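Quick note, the sequences are listed as chains X and Z, same order. Under our numbering, the first residue of the first sequence carries the number 566, and numbering increases by one thereafter. Under our numbering, the first residue of the second sequence carries the number -9, and numbering increases by one thereafter. Every residue gets a Cβ at the ideal spot worked out from N, C-alpha and C, and that includes glycine. Being a predicted model, the structure only gives us computed values, none of them experimental. In what follows, a structure is listed as C-alpha cells, so that the remarks can point back to it.
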Amino acid sequence: MKQLALVIDLNVCVGCHACVTSCKEWNTSGSAGFMSDYNPYEKDPTGTFFNRVQTFEVGEFPNTQTVHFPKSCLHCEDPPCVPVCPTGASYKRPEDGIVLVDYDKCIGCKYCSWACPYGARELDESQKVMKKCTLCVDRIYDEALPESERKPACVLACPTSARLFGDVNDPESSVSVNIRENGGYQLMPEWGTKPANHYLPRRQTSITIHKDELTRVDNPLKKERQLPMPGKDEQTLDDITSW
Amino acid sequence: MSKPLHDPLSRSIDESSRIEVKNTTCYMCACRCGIRVTIRDGDVRYIEGNPEHPLNKGVICAKGASGIMKQYSPARLTQPLMRKAGSDRGAGAFEVVSWEKAFGILEERLANIRHTDPKQFALFTGRDQMQALTGLFAKQFGTPNYAAHGGFCSVNMAAGMIYTIGGSFWEFGGPDLQRSKLFVMIGTAEDHHSNPMKIELSKFKRNGGKFIAINPVRSGYAAIADEWVPIKPGTDGALLMALINEIIKQGLYDRDFLVKYSNSAELVNMDEASSEHGMFVRHEVPKEEGCFDPQNKLWWDRELNKPVIMHSEDSDPYLLGEFKLDDNTPVKTAFQLLVDRVKDYTPEWAAKITGIPADTIKRLAYEMGITARDEKIELPIAWTDTWGKEHDRITGNPVAFHAMRGLAAHSNGFQTIRSLSILMSILGTIDRPGGFRHKAPFPRPIPPCAKTPTGPEAVQPDTPLDGMPLGWPADPDDLFVDDNGEPVRIDKAFSWEYPLAVHGLMHNVITNAWRGDPYKIDTLLIFMANMAWNSSMNTEQVRHMLNDKDDNGEYKIPFIAVCDAFESEMVSFADLILPDTTYLERHDVMSMLDRPISEFDGPVDSVRIPVVPPTGECKPFQDVLIELGSRLKLPAFVNTDGNRKFRDYPDFVVNYETAPGSGIGFLAGWRGKGGEKFMKGEPNPKQWEMYEKNNCVFHYELPRSYQYMRNWNQGYLEWAKRHSLTRYAEPINIHIYSEVLQKFRLAAQGKSDGKQPPEHLRSRIDEHFDPLPFFSEPLETLSTDLRKYPLNAITQRPMAMYHSWDSQNAWLRQIHTHNYLHVNPKTARAANIEDGGWIWVESMHGKVRCMCRYSEAVEPGTVWTWNAIGKASGTWGLSQNANESNKGFLLNHLISEELPARSDGAKFSNSDPITGQAGWYDVRVRIYPVAAGEPEETYPQFTATAPMPNAKRKPSHWLKYFAGGRKS
C-alpha cells in the first residue's frame, strides 16, 4: 500500500528554516489555510506552523555536535491520533497514507495532540481546529503543476535537498533506497506508530594520512638549494692543508 | 456539511481567482536568487525559487519564503515625511509631505551645495545592489563622499584577495565544490553566497568530500562539518601562517604552479640602502605602461645559474635561494622571503595563540597538501596560456576554501586574508577545478584599474568628480590626499590612515561629520542603512551625534535624508524620509558594472521586474536619483540642451551608455538594436522584455577552454578584451609578495620620491604595509586590559534572518524574537552565571544587560550572539513592548568606532590600518551576573520612537493571512 512520506537527511540539514517558512507561505493560502499568527507584531508572537526546526547540542566542548532537527507530522502507518478522534475529523487516507484533519468535523478537543507522541499537531488558536502537515496534498496531485513541482513546498524549497519525498512502501523509490543504504531510522519505533517519515543520520568523512605520503621522491624541496653552501671565497680544507 | 477540506478532488481554491505568475529576483538578502511569484487576486500568494534560474535552481531560503510578510509589513513607509519643526531627531515626530515638496527641498539644498562645495554632500548606501547608479550619481554630482557598506562589511575579504590573486569570494569567485575533495570553511557561519553555498555543500558532502569548519562557534554551516576546529577570534592569521609553514616544510606545495603563475620565483632587491629595496628587479622598462604587471622581472635559472628574464623559453628557475646580481645587488626569490617570514610561525607557536593543538594544525596541513598533490584532477580541455604555450589539459588540486567576515572583520584582517590567498596559491588551487574559481568580470589586474582622483582639486563646483569616488590604489601617488597628505574624503578613505580603503569607511562618516574632522558636511543622504542601530559601532553615541547641536543651536550634521522602505531606527533620525519600494515593486539590475551574479562558467546578470504595484506613494530610490539628477542637471542625466534625458530608471537602464556610443550599459544581455548582441552593443528598446522572457537573467556560458586558469588564459583574456571587460589581455600573476604594499612602506621609510605620509603616520604605514603577511594581534586587543576583559565577543547571523534586516517580519520573528549571549558552560559557571540568567556584558567602551544561554558549541574564551535581532523600542512597526526591544540586545554598544586615542592624541578608526575594514570582532569583554533586584530587561533602553503618521494599521492580535481573501 502506498505510503507517502518525507525522509530528512540530517547529514546535510544546516537548520536554515527554509522548510518552515515555505510551508507556511504555501499552506496559509492553500486548502489547509489559513495558518494564524497571534501577536504578530507584539510581545511574544506565536502562530501555527506545520513544520518546525529544533536545534540542540550533543556532547561536550570541543566534541560538540550541533544538530538541526526539522519535525512535522510523521504520517504514521498506525497513527494514534486517528482512533482517539471523537468526530472522525482525523483520518488516514487509504490511497496514499497521508494523515489529514477535516476542519469541518474538528471540534478542537485536542485528544489527537495528546495521543501524538511526537508533538506534531498544533491547535490553530484562532479557529480552534487542529492543523498539521498535509504533505501539501493540494500540490502533489495538482496536474496544473509540472510534474517536477508536484512535491511538498518544503521539499522544493530545501537548499540542501535534505528533504526527500516519496513512497516508503515502494522498495525502488529513492526514499526507500536512501533509508536502506544510509541508515534511515524512525523516531521512537517502540511506540508502534510506524512513522512513515524517516531520518538519515550524520555520516562522517575523514582522511587517513599515511606517513610515507610525506616523504615522496618528487618532493619539490629537492629541486631547491636546500643545504647551505659556503661561498666561493670562504676557506675549505683545500686552502689550509696539503696532506 | 461540506466535503473534507483536504480532499484534493475538491474544487481548487485557485479556480475562481485571478492568478498571475511572474518571475523576478529576490532581495531578502544579497544573494539574489531567481524567484517565481504567484499573485492571487492582487495579493502575493506564493514566492518560490525559480527552477530555471542558474543561481538557486529552484530552492529558496527561510527569508525568501517569508517575502509576503515583508511586502505587507506594518513597518512599511508609504509617504514622504518631514520631521516636525522643533522635534528632536530620533523622536519620530513627522508630518506627511508631497513628493513635489520633498524633491523641491532636496533640489534647492543640493543645487546650492553643488554650486559652492560639492563635498558638503555625502551619499552613503547600505545593502546597495545599485552601486553602478549610486556611484554614478555621486561622481556626476561632484562629491568624493560616496561609498556603500563594504567598509563595515567585508572589504578585507575583497581587498586581501584581489590584491593577491585578482579575485575574491562571493560575487567575485568561490570554491568549486563540485570537484573538490577537501573543503575548508573559515570564519563563516551563514554568509554570502548563501543558497548556492547550501546547494553545493550538500552535493559535496554526498560526494564524499571532507568538510572542515574553522570557527569559534559551531553554528550555521559548521553544524554539518565533518570536523569542527574551534579557534580564538582574530587569530586566523596565526593558523594560516603556520599551515603555510608546515606545507612548505614538508614540500607539499605546488612548485610548478607557483613558478609559472605567481611571482614566487621573481627576484627581490635586498639592498637596504637602495631606493628599490624590496622591489622586484626589472630587466627593462616596458614599452607600454598600463594597468598590468609587465613581464620584465628576473628569475634565477637553475641550469645556467644566472638571472634570466622571467618566463624565458624552457627556463626552470630556483624557487628558493639568495643570489648576487652582476652589480653585486643581493637578491632573494619572493618565495625565499615567504619561507623566511613563516620560519618562526610554527604549529607549536600558533597553538598557543589560536587554541588549536599543534598536532591538529600539522594534520590539517598534511590533509590539505596531500589531497592537493595526490588527488589531482585532469580535464581533457586544451587551452593556451598568455605566453603562447599550448596545454592539452586543465589540471586541478581539489582543495577548496571559503571565508568571510570571521576573517575580514578584524583590524588584522587584510594580512590574514593575504595569508589565506597565499595558502590557496601554494596549494595550486587558483582558478582550477576543485579549487577556487573566478566569476566574470574577475579576475582583474592586481590591483584593478579604477582609481580615485589624487587631490582636492578634483572636487570643483558644478562639475563632476574628476575620477571615481572609489578605486584601487597601486602606489602612494594614487592616494586621495591634499598637499599635506591629509584626507579629501569625509571618511578618510584612500588617505594615509586607510590607504587601501577600497570600499570606503561608512562606519566613521557620522562621527567624522559630527566632529568636523576632516571637515563638516551639510547634507547626508543615507539609503537603506541602519546607521542609528545595528550598522553602527558605538550605537548609543552615534545616535547622540545624529541629534547633537552646536552652540548656535544648529545641528552638527545640518541635514539628513534617509531613503528606506521600512521604519528602521535610522529613519527616525532623518529630517526628510523618502519611502522606497520593496523588491517586489521595482525594477533593478544586478549589473556587470556593480556586483553581477556570474557563475564559474561565465558572466551572468539579472533584473528585477515589478510583480505588484508600489504601495502608497512609494518610489524606487533609483527613480529618486534620476529625478534629482535631472533637476540638478547632472551631465549624465540631461541632454546637451539641459532637458531631462531619462523618463525613469527602466528607461535609463535601456538607454544609458558609459560613454556616447560605448555600447556598454547597465545590462549585458540582449544588447544591439534587436537584442542580438551581448556584453556590448547599442541600446535595445526591448531589453527589459527580453530579460522578462528569459527568467530575468542573462547567462553567457564561456567556451570550456576559457573557463579555467583565467589569470593566464590567452583565449579568455582576449575574449574579455574583445568584449570590453578588460583593457589588457596580460597575465595576472599571483602576488605572493606584494610590491604594492612595499611601495607604501618605502614611502613611509622616506625612500621613495612620490607622496609621503605625514610624520605621525610613518611608523604605522611602515609596520602594516608589509609585502608579506605577518601576524599581529588586532589593534583593539593591543589596547585592552586583557586581565580585566579576557573574553572575545562576536556576532553571527542566523540563517533564518540572513541578512538580519527584517525583524518586523511576522513569520521570521517567531523563529528569532530575541537573542541570548551564548557562553560555554565552563566560562559561565566560573562567573557564577546560570543558564538563562540575566547578565552584564562589559567592554572598555560600555555595557549591555542581556540573558545568557549555555552552549557547548563555542570555545570557552569566546561569547557570541545573533546580530541585529535586538531592536529599539517602537521601531520596525513593532509594539513598544516587543521582545526584540525588551529581551533582545545589540552587541554594538560594546564596540567603538574609534580606537582609544594614541599617546599623541591621534584618533583612528577601529579598523584595519590598511583597508579601513571595521574591526567588529576585536572587542574584549567580561561577563558577570546582574545584582539582585535589577530589572529583567535588556540595557540600554531608548525612549520609544513614536509611530509614523498614517502607519499601516497593525492587525489586532490575530494575523490570518490568506492571499486574495478566503472565498466560501
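Is there a C-beta anywhere in chain X that falls below 8 Å from the one on residue i?
| i | result |
| --- | --- |
| Z:Ser958 | The pLDDT assigned to Z:Ser958 is 41, lower than 50, so where the model puts this residue is not dependable; a value taken from the coordinates is nonetheless given after this. With 8 Å as the cut-off, Z:Ser958 does not count as an interface residue toward chain X. |
| Z:Asn871 | yes |
| Z:Tyr17 | no |
| Z:His392 | no |
| Z:Cys51 | yes |
| Z:Asn235 | no |
| Z:His947 | yes |
| Z:Met789 | yes |
| Z:Gln285 | no |
| Z:Tyr356 | yes |
| Z:Glu38 | yes |
| Z:Arg331 | no |
| Z:Ile360 | yes |
| Z:Tyr929 | no |
| Z:Tyr308 | yes |
Could you check which residue in the options has the C-alpha nearest to that of residue i?
| i | options | result |
| --- | --- | --- |
| Z:Gly923 | Z:Ile829, Z:Asn900 and Z:Phe898 | Z:Ile829 |
| Z:Asn685 | Z:Glu42, Z:Lys861, Z:Tyr810 and Z:Ile29 | Z:Glu42 |
| Z:Asp512 | Z:Asn537, Z:Ile550 and Z:Leu536 | Z:Ile550 |
| Z:Trp948 | X:Glu590, X:Met566 and X:Asp602 | X:Asp602 |
| Z:Lys109 | Z:Asn135, Z:Leu230 and Z:Lys778 | Z:Asn135 |
| Z:Leu455 | Z:Trp462, Z:Pro443 and Z:Pro463 | Z:Pro443 |
| Z:Arg916 | Z:Ala710, Z:Val329 and Z:Ile784 | Z:Ile784 |
| Z:Gly132 | Z:Ala112, Z:Gln121, Z:Arg408 and Z:Asp467 | Z:Ala112 |
| Z:Arg843 | Z:Gly867, Z:His812, Z:Ala818 and Z:Ala858 | Z:His812 |
Whole-angstrom Cβ separation of residue i and residue j, contact assumed at under 8 Å?
| i | j | result |
| --- | --- | --- |
| Z:Arg331 | Z:Pro307 | That belief does not hold up - the Cβ atoms of Z:Arg331 and Z:Pro307 are roughly 20 Å apart, past 8 Å. |
| Z:Pro673 | Z:Asn645 | 5 Å |
| Z:Val207 | Z:Ala908 | About 20 Å separates the two Cβ atoms, so there is no contact after all. |
| Z:Gly619 | Z:Gln130 | 6 Å |
| X:Ile663 | X:Leu700 | 5 Å |
Using a Cβ cut-off of 8 Å, pull out every chain X residue sitting near residue i, in sequence order please.
| i | result |
| --- | --- |
| Z:Ile859 | What Z:Ile859 touches in chain X: nothing, since even the nearest Cβ is about 13 Å away. |
| Z:Glu256 | Those do not exist, as Z:Glu256 stays about 15 Å from chain X at its closest Cβ, beyond 8 Å. |
Mind listing the chain Z neighbours of residue i? Cutoff is C-beta to C-beta under 8 Å, in chain order.
| i | result |
| --- | --- |
| X:Phe599 | Lys950, Tyr951, Phe952 and Arg956 |
| X:Ala727 | Ser192 |
| X:Ala583 | Val49, Ile50, Cys51, Ala52, Gly54 and Ala55 |
Taking C-beta to C-beta, are residue i and residue j nearer than 8 Å?
| i | j | result |
| --- | --- | --- |
| Z:Ile299 | Z:Asp226 | no |
| Z:Arg735 | Z:Ile755 | yes |
| Z:Ser411 | Z:Ile204 | no |
| X:Pro645 | X:Thr758 | yes |
| Z:Phe93 | Z:Glu617 | yes |
| Z:Thr852 | Z:Ala491 | no |
| Z:Asp912 | Z:Thr771 | yes |
Who are the neighbours of residue i on chain Z, taking C-beta pairs under 9 Å?
| i | result |
| --- | --- |
| X:Asn784 | Gln240, Gly241 and Leu242 |
| X:Ile672 | Simply none; closest approach about 13 Å. |
Between residue i and chain Z, is the shortest Cβ-Cβ distance under 8 Å, so that the two count as touching?
| i | result |
| --- | --- |
| X:Gln619 | no |
| X:Phe855 | For residue 855 of chain X there is no data in the structure shown, the boundaries of chain X being 566 and 808. |
| X:Tyr683 | no |
| X:His763 | no |
| X:Gly749 | no |
| X:Ser678 | no |
| X:His640 | no |
Interface residues of chain Z around residue i at Cβ under 7 Å?
| i | result |
| --- | --- |
| X:Pro724 | Val49, Cys51, Asn185, Lys188 and Ile189 |
| X:Ser691 | Trp948 and Lys950 |
| X:Thr593 | Tyr951 and Phe952 |
At a CB-CB cut-off below 7 Å, which residues of chain X make contact with residue i?
| i | result |
| --- | --- |
| Z:Lys195 | Asn576 and Val577 |
| Z:Pro64 | Tyr606 |
| Z:Thr807 | Pro610 |
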